[in-house]
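I have placed the structure first, in the form of C-alpha cells, so that the comments after it can refer back to it.
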Amino acid sequence: MSFTKFDVDPADLDPNGICENQTQLINVDLDLDGALCDAGTALKFEIGDSYSDGVGGVKLLFDSAGDINTVVFTITGKDENGRTITPAETVTGVTTTAVSTTNYCSEVTAIGTSVAAVDSNVFVGTVTGELATRTVPLNRYSNQVTTVGITGLAGTCQFDIQETFDDLNVTDPEDISWFTKVSNASADGANVLTVNATATRVVLDSYTNGAELQASVVYNSYK
226 MSFTKFDVDP
236 ADLDPNGICE
246 NQTQLINVDL
256 DLDGALCDAG
266 TALKFEIGDS
276 YSDGVGGVKL
286 LFDSAGDINT
296 VVFTITGKDE
306 NGRTITPAET
316 VTGVTTTAVS
326 TTNYCSEVTA
336 IGTSVAAVDS
346 NVFVGTVTGE
356 LATRTVPLNR
366 YSNQVTTVGI
376 TGLAGTCQFD
386 IQETFDDLNV
396 TDPEDISWFT
406 KVSNASADGA
416 NVLTVNATAT
426 RVVLDSYTNG
436 AELQASVVYN
446 SYK
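Numbering follows our numbering, in which position 12 of the sequence shown is assigned residue number 237; successive positions increment by one, without gaps.
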C-alpha cells in the first residue's frame with residue numbers, strides 16, 4: 226500500500242492579498258502588490274510562500290468598489306498541480322458583487338486587463354476560502370479500496386473529498402471531471418472512495434482564519 230499525507234494549513238483570508246486597491250488603463254496589467262505576493266518573490270504569488278505544502282492551489286476573488294463588468298481580466302499562472310493554466314483563465318463581470326476564478330492557482334505571475342479601462346478600484350484576494358490539495362493519482366486496476374482520512378481538524382472549515390475516473394495521461398487538467406464523494410464535511414473521519422477511481426483530492430469550500438486539517442490517502446499503487 227502507498228501513503229500520501231497533506232498538511233492543509235492555509236494562510237489567513239485576505240481580500241486584497243494578490244492586488245491592493247487600484248485602477249488601471251486598458252491593456253495594462255494589474256500590480257501584484259498584495260501581502261501574499263510580497264511574502265516571497267516581489268510582484269508574484271507563489272503558494273508555498275504563505276501556505277503549508279499540503280495546499281495545492283487557491284481560488285482568487287475579484288472585487289471592485291464600482292461596476293467594471295466590461296473589463297476582461299486574464300490570469301497567467303499555474304494550477305494546483307504546478308501546471309501552466311492553458312488557456313489562461315479570464316474573469317469578467319466584476320461589479321460590487323465579487324467574481325471568483327474557476328481554477329485553483331498555485332502561482333500568479335500576471336493579471337492582464339482588456340476591453341475597457343479599470344476606472345473603479347479593483348482588488349484581488351483569497352477571501353473565498355476555497356482551496357485544493359494536489360491531485361493524488363490512484364491505481365484504477367486495483368480492487369482494493371482507497372481511504373482518505375481526515376484528522377487534526379482545528380477551527381472551522383467545510384471540505385469535500387473528490388474523485389475522478391478520467392485517464393490522467395490523456396485528459397487535460399482543465400477537462401477532468403471531478404465527482405464529490407464526501408460533501409460539506411466538517412469533522413475528522415475515514416472516507417472510502419469508489420473502486421477504480423483514477424485520482425482524488427481534498428477541496429476546502431470555506432474556512433475561518435486559524436483552521437487546519439491533515440488528509441491522509443492510503444491506496445494500492447500497483448497492479
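Don't be surprised by glycine CBs; every beta carbon is placed ideally from N, CA and C.
The model shown is predicted, which means the values in this text are computed figures rather than measured ones.
Asked, Found
"Selection from Glu437, Pro362, Ser408 that minimises the alpha carbon distance to Cys382", "Glu437"
"Through-space distance from Leu255 to Gln247, alpha-carbon basis", "8 Å"
"When Asn328, Leu238, Gly307 are compared against Thr315, the one with the closest alpha-carbon", "Asn328"
"Minimum C-alpha distance to Val352 - residue among Val233, Lys230, Asn241, Phe228", "Asn241"
"Cβ separation of Phe384 and Val427, assumed to be a contact under 8 Å, to the nearest whole Å", "6 Å"
"Inter-residue CB distance, Asp232 and Ser277 (contact presumed, cutoff 8 Å)", "5 Å"
"Cys382 - containing beta strand (DSSP E), residue span", "382-389"
"Proximity of Gly354 and Leu261 at Cβ, strictly below 8 Å", "no"
"Beta strand (DSSP E) segment containing Asp232, residue limits", "227-233"
"Range covered by the beta strand (DSSP E) that runs through Lys284", "No beta strand (DSSP E) contains Lys284, which DSSP labels as neither H nor E."
"Cα-Cα separation between Ala422 and Ile310, rounded to whole angstroms", "24 Å"
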